[in-house]
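Just so we're aligned, residue 1 is where the sequence shown starts under our numbering, counting upward by one.
Ideal Cβ positions, reconstructed from N, Cα and C, are used throughout, including at glycine.
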Amino acid sequence: MRFLKATPQNIKEAGRVIREGGLVAFPTESVYGLGADALNPVAVAKLFEVKNRPKLDPLIVHINTPVEIERLCTKIDERAKRLIDKFWPGPLTLVLPKSEVVPDIVTAGLPTVAVRMPSHPVALELIKEADTPIAAPSANLFGRLSPTTSEHVMEQIGERIDLILDGGKTPLGLESTVISLVGKEPLLLRPGSLPLEDIEDVIGRVKVLNFEPESPQSPGQLPHHYSPKTTLRIKKIDEVVFENGKKIGLLAFTNPKETSGYEAIEVLSSKGDLKEAAANLFSSLHRLDKANLDIIYAEPIPETGLGRAIMDRLRRASSEHLQKNEV
Ligand code: TXA
Ligand code: MG
């Protein structure tokens, strides 16, 4: 594995690696992605292997110009066009009927494909240099915390990939919002860095799937996701009970009134700003996860705007782990 700063020269080299069927981790404005040539099924198969990702969970295809979507999707309706005009490049992924160009392994056999045009200059430049759309899941092991720095990528999958492009901390820190425009009604498949309210301002009401650990209604709704290895529970701060000898960590939204009793505390935003909280969420969880705690308590966050996505991640992180301590 090579670890390279995202200079123009190195991005060019990374583009070559992708074209030749290799795997490159790169920054986007949301989280780090692990990229492969989306039109090369063998390269895409490696993505699933490296992440231990079930092949039924489809990938997002990244493009560097809106017109590329016409090659990947068969039907781009008015709603899609309006959203693209308003929010691309940016953290919005659209699910639409796929064209024959897209290999089945990318979409897990579904007749639809998820597409997004990121705004991060390194991501855009990489797609340009690779000269092909890039399929990229978040660059973490399946189910684990998403990476917002190149060090997070290194720790989880560094050994298994060809190249990491280091572009510093990702500015938004939460994955893109995923909207399906396949049916009559637009559907929110994953809350993310673009608030639902902004999307509804452009296309009207969007149907929301509630978090149901027992019956995920789409591949993007799998529970046991975004999880630290340490057990995490959502709890109001005044309901935390301290037990003798138990090491407790706190993930607080704003500065807590009482700090004694905790082994470690992470504050997401001292001014109570949701954008700042979203940007800090995964890096705070990564740090707490390394602090050798018995349990992490996460303070609930108001569920408006970005708060919806943050709470979604916390709920998944706190749902019972199937395979605790497994990598
Ligand atoms: O911000 C992001 O979206 C990051 C960066 C790297 O772009 N990528 C990312 O990819 O989060 P990933 O693979 O971790 O999440 C993609 C989500 C999954 O929940 C997947 O189930 C959903 O998108 N998805 C992809 N294709 C789909 C499809 N055809 N229908 C429904 N859901 C789909
Ligand atoms: Mg992911």
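{"Asked": "Compute the distance between the beta-carbons of S180 and V95, then report whether it is under 9 Å.", "Found": "yes"}
{"Asked": "Does DSSP put R315 in a helix, a strand or coil?", "Found": "helix"}
{"Asked": "Taking only runs of the beta strand (DSSP E) that begin and end inside the segment 135-197, which ones reach a length of at least 3 residues, in chain order?", "Found": "163-166, 177-180 and 187-190"}
{"Asked": "State buried or exposed for S260, treating a residue as buried only when at least 16 other CB atoms are found within 10 Å of its CB.", "Found": "exposed"}
{"Asked": "Could you check if R71 is buried or exposed, using at least 16 other CB atoms within 10 Å of its CB as the buried criterion?", "Found": "exposed"}
{"Asked": "Report the option in G22, T28, L4 and A298 whose CA atom is closest to the CA atom of V50.", "Found": "G22"}
{"Asked": "To the nearest angstrom, how far is the alpha carbon of V178 from that of A114?", "Found": "8 Å"}
{"Asked": "Within its chain, find whatever has a CB closer than 8 Å to the CB of K98; leave out the 5 residues flanking it on each side and keep chain order.", "Found": "L72, C73, T74, T107, L110, P111, T112 and V113"}
{"Asked": "From A291 to P186, what distance separates their C-alpha atoms?", "Found": "41 Å"}
{"Asked": "Do L250 and L314 have their beta-carbon atoms positioned less than 9 Å apart in this structure?", "Found": "no"}
{"Asked": "Helix or strand or just coil, what does DSSP make of A264?", "Found": "strand"}
{"Asked": "Could you check where the alpha helix (DSSP H) with V42 kicks off and where it finishes?", "Found": "P41 to K51"}
{"Asked": "Are the CB atoms of R316 and Y226 within a distance shorter than 9 Å?", "Found": "yes"}
{"Asked": "If we count Cβ pairs, one from each stretch, closer than 8 Å, do we get three or more for the segment 78-87 versus the segment 16-36?", "Found": "no"}
{"Asked": "How big is the Cα-Cα spacing for K271 and A252?", "Found": "12 Å"}
{"Asked": "Please enumerate, following chain order, all residues with a beta carbon closer than 6 Å to at least one heavy atom belonging to ligand 2.", "Found": "P137, S138 and S146"}
{"Asked": "Leaving out five residues on either side along the sequence, give the residues of the same chain with a beta carbon under 6 Å from the beta carbon of P171.", "Found": "E29"}
{"Asked": "Looking only at DSSP bridge pairs, what is T93 linked to?", "Found": "V178"}
{"Asked": "Given that a residue counts as buried once 16 or more other Cβ atoms are within 10 Å of its Cβ, and exposed if not, what is D312?", "Found": "buried"}
{"Asked": "If distances are taken between C-alpha atoms only, which option among D77, A43 and G305 comes closest to E197?", "Found": "G305"}
{"Asked": "In chain order, what residues of the same chain have a beta carbon less than 6 Å from the beta carbon of E276, not counting five sequence neighbours either side?", "Found": "S269"}
{"Asked": "Below 6 Å CB to CB, which residues in the same chain sit around T230 once its five sequence neighbours on both sides are set aside?", "Found": "D289, L293 and I296"}
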